[in-house]
Amino acid sequence: NAGVMQNPRHLVRRRGQEARLRCSPMKGHSHVYWYRQLPEEGLKFMVYLQKENIIDESGMPKERFSAEFPKEGPSILRIQQVVRGDSAAYFCASSPPTGDGGYTFGSGTRLTVV
Amino acid sequence: GIQVEQSPPDLILQEGANSTLRCNFSDSVNNLQWFHQNPWGQLINLFYIPSGTKQNGRLSATTVATERYSLLYISSSQTTDSGVYFCASGGSYIPTFGRGTSLIVHP
Numbered sequence: 001n002a003g004v005m006q007n008p009r010h011l012v013r014r015r016g017q018e019a020r021l022r023c024s025p026m027k028g029h030s031h032v033y034w035y036r037q038l039p040e041e042g043l044k045f046m047v048y049l050q051k052e053n054i055i056d057e058s059g060m061p062k063e064r065f066s067a068e069f070p071k072e073g074p075s076i077l078r079i080q081q082v083v084r085g086d087s088a089a090y091f092c093a094s095s096p097p098t099g100d101g102g103y104t105f106g107s108g109t110r111l112t113v114v
Numbered sequence: 001g002i003q004v005e006q007s008p009p010d011l012i013l014q015e016g017a018n019s020t021l022r023c024n025f026s027d028s029v030n031n032l033q034w035f036h037q038n039p040w041g042q043l044i045n046l047f048y049i050p051s052g053t054k055q056n057g058r059l060s061a062t063t064v065a066t067e068r069y070s071l072l073y074i075s076s077s078q079t080t081d082s083g084v085y086f087c088a089s090g091g092s093y094i095p096t097f098g099r100g101t102s103l104i105v106h107p
């Protein structure tokens, strides 16, 4: 079991470019969660998805950010027209359908906007 | 939403010392986890413990759900225990994180 796989591990983008972060959940997990961690801070919830459905996006900025979890393939967090304030570590977690047993996190993607 | 508070915010120990980290949450929860974020930024799942007590080597955790708190015990601390310890709790399927306890263990 390869665990939750996130790629890339590090991503550098210039202001105004697009950033695409990928997350493949653990085998058997159908729920995906994205979190953002700013330096010296805790993890802030962004969005919760199941296959082909966004369940809760209350933590995601209304503009420039979007997320999807297609029927096939990884979950994608997309940030358009990145700004310096988007620089952060973005973590993905997955859980089984029941939520029992807790959440497993990936190693994160560290986005730097220059 | 659920509020999660962790204490202390910072902790400095000498190798071999014991410590207790606390996590208070504001409402009933059906999941509670402790994580260790190592100096390289990786989040390691320590315990899934919505109630009761669990032990794993030098670490153990206790959650008293009726009183809305959880404790993480670290015994005989080692330098590799350094990092930030987070608890996350949630009444739904979305865990809310505390701000963490930053632990430094000196040799």
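If you read the protein sequences in the order shown, they are chains A and B.
Read left to right, the first sequence gives residues 1 to 114 (the working numbering).
Read left to right, the second sequence gives residues 1 to 107 (the working numbering).
We put the beta carbon where it would ideally sit given N, CA and C, even for glycine.
Keep in mind it's a predicted model, so treat the numbers as computed, not measured.
For Y69/B, the closest Cβ of chain A is not nearer than 9 angstroms. Y48/B has Q33/B as its beta-bridge partners, per DSSP. Going by C-alpha positions, G83/B is about 12 angstroms away from P9/B. For A89/A, the C-beta contacts it makes with chain B under 9 angstroms involve G41, in order along the chain. Interface residue (Cβ-Cβ distance to chain B less than 9 angstroms): K71/A is not classified as such.
Under the Cβ distance rule, D56/A counts among the residues neighbouring chain B, one pair being separated by less than 9 angstroms. Against chain A, the beta carbon of I104/B has no neighbour under 7 angstroms; the closest one sits roughly 14 angstroms away. In this chain, the beta strand (DSSP E) harbouring L59/B covers 59-64. For the options T80/B, R99/B, N31/B, I44/B, the alpha carbon positioned closest to that of Q14/B is the one of T80/B.
Within the stretch 54-95 of chain A, complete beta strand (DSSP E) segments of at least 3 residues are found at 65-68, 75-79, 88-95, given in chain order.
Collapsing the DSSP output to three states places E15/B in coil. In this model, S77/B and E63/A are separated by some 45 angstroms (Cα to Cα). Residue contact with chain B for S107/A: present (Cβ-Cβ distance below 9 angstroms to some residue of chain B).
By the criterion of a C-beta distance shorter than 7 angstroms, H36/B is surrounded in its chain by I44, L46, G83, Y85, once the five residues flanking it on both sides are discounted. Per DSSP, the continuous beta strand (DSSP E) segment holding K44/A begins and ends at 43-50. Our two residues, N30/B and V64/B, have alpha carbons roughly 12 angstroms apart in a direct line.
Exclusion of the five residues before and after S51/B leaves T63, A65 as the residues of its chain whose Cβ lies within less than 7 angstroms of its Cβ.
Under the DSSP assignment, E5/B falls in the beta strand (DSSP E) whose first and last residues are 4-7. A direct Cα-to-Cα measurement between W34/A and S24/A gives close to 12 angstroms. According to DSSP, D10/B shares a beta bridge with S102/B.
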